[in-house]
């Protein structure tokens, strides 16, 4: 298949053209997978979510209105999928911690934690982790992040500031904890 413009690719996907759907997948699968892996921290979850993103995208391609790039639209679908999974997991983990607290009272020895950015990122809220990864891992501009998150660029700037502040606090706390050991 010869190289198509984004508009031609979208039109062909809307018509159900399998070659165009494969081309769309090939163009965006690696970036989508990397984002999912960074958001979930789990290769299996990232792979499953990546597949879900493309299934949803191809099912909803008729709703793509062209206000953003196709890549930004896919990021929005990807973020929604990842955040849904992370919310479900957080609820499950909360229940498991409650059960564990009853079964194993506090007072045990905590494991050693080396402060690192990945560990701190994992402790950030899902929204803060997502916006930091979009900006610094994926290299998106503020306007692209705004399109992906469906919010004004000013909101992106303030969310990034809050996310960076939260990350600094987590890293400072981890370093202080390490210094006391």
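In our numbering, the protein residues as written are 8 to 188.
Backbone N, C-alpha and C define an ideal beta-carbon position, used for all residues, glycine too.
Bear in mind that the values here come from a model prediction, so they are computed numbers and not experimental data.
{"Asked": "If you follow the alpha helix (DSSP H) that residue 39 is part of, which residue opens it and which one closes it?", "Found": "25-47"}
{"Asked": "My understanding is that residue 164 touches residue 149, with C-beta atoms under 8 Å, so please give their C-beta distance in whole angstroms.", "Found": "6 Å"}
{"Asked": "Whole angstroms are fine: how far does the CA of residue 136 sit from the CA of residue 91?", "Found": "14 Å"}
{"Asked": "Straight-line CA distance for residue 147 to residue 79?", "Found": "9 Å"}
{"Asked": "Whole angstroms is fine: what's the gap from residue 124's alpha carbon to residue 53's?", "Found": "20 Å"}
{"Asked": "Can you tell me where the alpha helix (DSSP H) holding residue 58 begins and where it ends?", "Found": "50-67"}
{"Asked": "How would you call residue 64, buried or exposed, if buried means at least 16 neighbouring beta carbons within 10 angstroms?", "Found": "buried"}
{"Asked": "Taking the C-alpha atoms as reference points, what is the distance between residue 158 and residue 178?", "Found": "28 Å"}
{"Asked": "Tell me which residues share the same chain as residue 84 and place their Cβ nearer than 8 Å to its Cβ, disregarding the 5 neighbours each side in the sequence.", "Found": "60, 63, 64 and 67"}
{"Asked": "From the DSSP output, in three-state form, read off residue 73 for me.", "Found": "coil"}
{"Asked": "Give every residue of the same chain whose Cβ lies closer than 8 Å to the Cβ of residue 47, excluding the five residues on either side of it in the sequence, and list them in chain order.", "Found": "53, 56, 89, 92 and 93"}
{"Asked": "Among residues of its own chain, excluding the 5 on either side of residue 133, which ones have a beta-carbon nearer than 6 Å to its beta-carbon?", "Found": "90 and 93"}
{"Asked": "Rounded to whole angstroms, what's the CA-CA distance from residue 162 to residue 180? Just pull it up for me.", "Found": "27 Å"}
{"Asked": "Just to confirm, are residue 45 and residue 154 a CB contact at a threshold of 8 Å?", "Found": "no"}
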